[in-house]
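One structure is given below, encoded as structure tokens.
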Amino acid sequence: MSLPATVNRNKVLGDFELPPAHPAITQTGPDKSPFENEGFVVQGSVSSGVFDLQEREDYCARYRLKPFDSERIERRKTYDLLLVNTELEMLEIRLGEMYPYVDYFVILEADRSFSGIPKKLYIEENWQLFSKYHDKMIRRTVDFSSVKEGDNAWVLEKLSRNAMVNQVLPFLTGDQAPHEDDILLVSDVDEIPKPPVLQALRNCEVPPRITINSEFYYYSFQWLSREEWMHPQATIWKGNDTVKPEELRHHAGDYHFKRGAWHCSYCFSTMEETVGKVKSFSHQEFNKPEFKDPAKILQRVRFGTDFFDRKTSVYDYVRNNQDRPLNANYLDIPEDGNVDDVSFG
Numbered sequence: 476m477s478l479p480a481t482v483n484r485n486k487v488l489g490d491f492e493l494p495p496a497h498p499a500i501t502q503t504g505p506d507k508s509p510f511e512n513e514g515f516v517v518q519g520s521v522s523s524g525v526f527d528l529q530e531r532e533d534y535c536a537r538y539r540l541k542p543f544d545s546e547r548i549e550r551r552k553t554y555d556l557l558l559v560n561t562e563l564e565m566l567e568i569r570l571g572e573m574y575p576y577v578d579y580f581v582i583l584e585a586d587r588s589f590s591g592i593p594k595k596l597y598i599e600e601n602w603q604l605f606s607k608y609h610d611k612m613i614r615r616t617v618d619f620s621s622v623k624e625g626d627n628a629w630v631l632e633k634l635s636r637n638a639m640v641n642q643v644l645p646f647l648t649g650d651q652a653p654h655e656d657d658i659l660l661v662s663d664v665d666e667i668p669k670p671p672v673l674q675a676l677r678n679c680e681v682p683p684r685i686t687i688n689s690e691f692y693y694y695s696f697q698w699l700s701r702e703e704w705m706h707p708q709a710t711i712w713k714g715n716d717t718v719k720p721e722e723l724r725h726h727a728g729d730y731h732f733k734r735g736a737w738h739c740s741y742c743f744s745t746m747e748e749t750v751g752k753v754k755s756f757s758h759q760e761f762n763k764p765e766f767k768d769p770a771k772i773l774q775r776v777r778f779g780t781d782f783f784d785r786k787t788s789v790y791d792y793v794r795n796n797q798d799r800p801l802n803a804n805y806l807d808i809p810e811d812g813n814v815d816d817v818s819f820g
């Protein structure tokens with residue numbers, strides 16, 4: 476999972492403006508940073524099904540998009556392609572939020588981290604925790620047989636991301652098999668698209684490279700960055716011509732859904748997971764003692780300061796934040812920093 480690839484939100488040239496994720500909820504906004512839901516407001520609940528032609532025309536016009544031509548395929552499916560390391564709680568939040576709007580969650584996990592450290596297959600070992608979502612879950616283990624001795628963390632990350640397409644989608648059968656123009660979401664597990672975006676992607680004509688700009692939270696849904704996170708991405712299935720996830724993530728084009736997702740970075744409930752991410756992710760230049768010290772981590776979490784002491788990264792406290800996934804449990808930060816094992820280390 477990559478470090479923040481952020482841009483100043485005032486400079487984002489977003490093509491599509493998003494409505495509130497949950498229209499019945501009022502966003503109070505952070506104390507210091509403006510946070511208005513711009514664009515149109517969805518009236519009532521957001522349906523999970525495919526709209527009829529008139530509904531598509533009305534809905535897509537709000538984003539300045541044309542309605543998807545449903546005559547090309549009988550039912551356009553949405554696939555959520557994601558990498559999972561140890562984040563069982565975040566996966567539960569994601570499944571609960573996106574289940575009504577996604578046809579299949581394609582979950583890739585690996586028996587080693589990007590830095591090469593052997594690890595458990597956490598989803599496989601805890602499969603029954605997600606039993607109510609099993610009908611839409613497709614889990615696979617990354618095949619690293621092509622990795623050469625000496626390949627670094629970035630090689631393993633690229634292989635893992637592309638494996639979501641190369642090693643899984645072409646081999647699915649029956650209803651699980653993708654058809655041309657189906658929607659592919661390319662995400663880390665802590666990048667959660669909002670329901671109105673998922674509806675637009677399913678029902679509207681979209682380009683093959685889309686960025687879904689995220690509201691960027693740190694540690695919990697209380698600390699909001701003043702900059703947006705430029706992930707996740709979306710594309711459309713074109714068989715062998717499908718844009719590969721690694722290329723899509725770093726070269727997603729000029730089409731953006733503004734404030735269309737939530738990203739909650741370092742939102743862990745245990746110190747062990749937090750330290751484990753530093754040890755395992757691709758940015759091994761940050762794998763230093765000062766970033767693995769539990770006491771220092773706890774202070775950063777409690778006071779909303781940057782994990783890697785970057786002076787340009789500033790986070791505002793959001794009081795009673797309502798603009799978050801409905802099942803999010805990373806909200807109130809108590810004295811222990813919302814971390815169960817503060818003595819770890």
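Numbering (this note's numbering), first residue to last: 476 to 820. Note that CB positions come from ideal geometry on N, CA and C, so glycine has one too.
Considering only their Cβ atoms, is the gap separating residue j from residue i smaller than 9 Å?
{"i": "Asp656", "j": "Ile711", "result": "yes"}
{"i": "Lys719", "j": "Val664", "result": "no"}
{"i": "Lys611", "j": "Val577", "result": "yes"}
{"i": "Arg615", "j": "Leu583", "result": "yes"}
{"i": "Asp555", "j": "Ser662", "result": "yes"}
If you run the structure through DSSP and keep just helix, strand and coil, what is residue i?
{"i": "Gly735", "result": "strand"}
{"i": "Arg775", "result": "helix"}
{"i": "Val617", "result": "coil"}
{"i": "Ser744", "result": "coil"}
{"i": "Leu556", "result": "strand"}
{"i": "Glu703", "result": "strand"}
{"i": "Arg799", "result": "coil"}
{"i": "Phe782", "result": "coil"}
{"i": "Glu680", "result": "coil"}
{"i": "Leu634", "result": "helix"}
{"i": "Trp712", "result": "coil"}
{"i": "Pro509", "result": "Bear in mind that the predicted position of Pro509 carries a pLDDT of just 23, short of 50, making it unreliable; the figure below should be weighed with that in mind. DSSP places Pro509 in coil when its eight states are reduced to three."}
{"i": "Thr749", "result": "helix"}
{"i": "Asn601", "result": "coil"}
{"i": "Tyr574", "result": "helix"}
{"i": "Arg587", "result": "strand"}
{"i": "Leu660", "result": "strand"}
{"i": "Ser689", "result": "strand"}
{"i": "Tyr579", "result": "strand"}
How would you call residue i, buried or exposed, if buried means at least 16 neighbouring beta carbons within 10 angstroms?
{"i": "Leu528", "result": "exposed"}
{"i": "Arg551", "result": "buried"}
{"i": "Gln697", "result": "buried"}
{"i": "Gln738", "result": "A small correction: the amino acid at residue 738 is His; Gln does not occupy that position in the sequence shown. It is buried - the Cβ of His738 has at least 16 other Cβ atoms within 10 Å."}
{"i": "Gln674", "result": "buried"}
{"i": "Asp823", "result": "With the chain represented from 476 up to 820, any question about residue 823 goes unanswered, as that position is not in the structure."}
{"i": "Phe732", "result": "buried"}
{"i": "Gly779", "result": "buried"}
{"i": "Asp618", "result": "exposed"}
{"i": "Glu632", "result": "buried"}
{"i": "Lys786", "result": "exposed"}
{"i": "Pro707", "result": "buried"}
{"i": "Phe646", "result": "exposed"}
{"i": "Ser621", "result": "exposed"}
{"i": "Arg724", "result": "buried"}
{"i": "Glu572", "result": "buried"}
{"i": "Glu702", "result": "buried"}
{"i": "Glu562", "result": "buried"}
State the Cα-Cα distance for the pair residue i and residue j, rounded to the nearest angstrom.
{"i": "Leu596", "j": "Glu530", "result": "42 Å"}
{"i": "Ala770", "j": "Tyr534", "result": "49 Å"}
{"i": "Tyr741", "j": "Ile598", "result": "19 Å"}
{"i": "Asp544", "j": "Val525", "result": "12 Å"}
{"i": "Pro800", "j": "Pro671", "result": "13 Å"}
{"i": "Leu570", "j": "Arg684", "result": "24 Å"}
{"i": "Ala803", "j": "Gly728", "result": "30 Å"}
{"i": "Ile658", "j": "Asp781", "result": "35 Å"}
{"i": "Ile667", "j": "Tyr694", "result": "15 Å"}
{"i": "Ser590", "j": "Ala628", "result": "5 Å"}
{"i": "Arg677", "j": "Leu558", "result": "22 Å"}
{"i": "Ala709", "j": "Thr553", "result": "10 Å"}
{"i": "His642", "j": "Asn795", "result": "A small correction: the amino acid at residue 642 is Gln; His does not occupy that position in the sequence shown. Between Gln642 and Asn795, the C-alpha separation is close to 42 Å."}
{"i": "Phe605", "j": "Lys669", "result": "21 Å"}
{"i": "Glu748", "j": "Leu773", "result": "13 Å"}
{"i": "Glu722", "j": "Met746", "result": "32 Å"}
{"i": "Thr717", "j": "Ile613", "result": "20 Å"}
{"i": "Asn560", "j": "Ala585", "result": "7 Å"}
{"i": "His609", "j": "Gln603", "result": "9 Å"}
Suppose the cutoff is 6 Å on Cβ atoms and the five residues either side in sequence are ignored; what does the same chain contact list for residue i look like?
{"i": "Pro653", "result": "Leu644 and Trp712"}
{"i": "Ser827", "result": "Nothing about residue 827 can be read from this structure; the chain reaches only from 476 to 820."}
{"i": "Glu624", "result": "none"}
{"i": "Ile568", "result": "Pro800, Asn802 and Ala803"}
{"i": "Ser788", "result": "Asp781"}
{"i": "Asn637", "result": "Lys719, Pro720 and Glu721"}
{"i": "Phe580", "result": "Asp555, Lys611 and Met612"}
Starting from the C-beta of residue i, find all residues in its chain whose C-beta is less than 8 Å away, skip the five residues before and the five after it, and write them out in chain order.
{"i": "Lys541", "result": "Cys535, Cys679 and Glu680"}
{"i": "Arg547", "result": "Glu655 and Asp656"}
Does the distance between the C-beta of residue i and the nearest non-hydrogen atom of the ligand NAP fall short of 8 Å?
{"i": "Arg531", "result": "Only the bare structure without any ligand can be found here, which leaves the ligand NAP out of the picture."}
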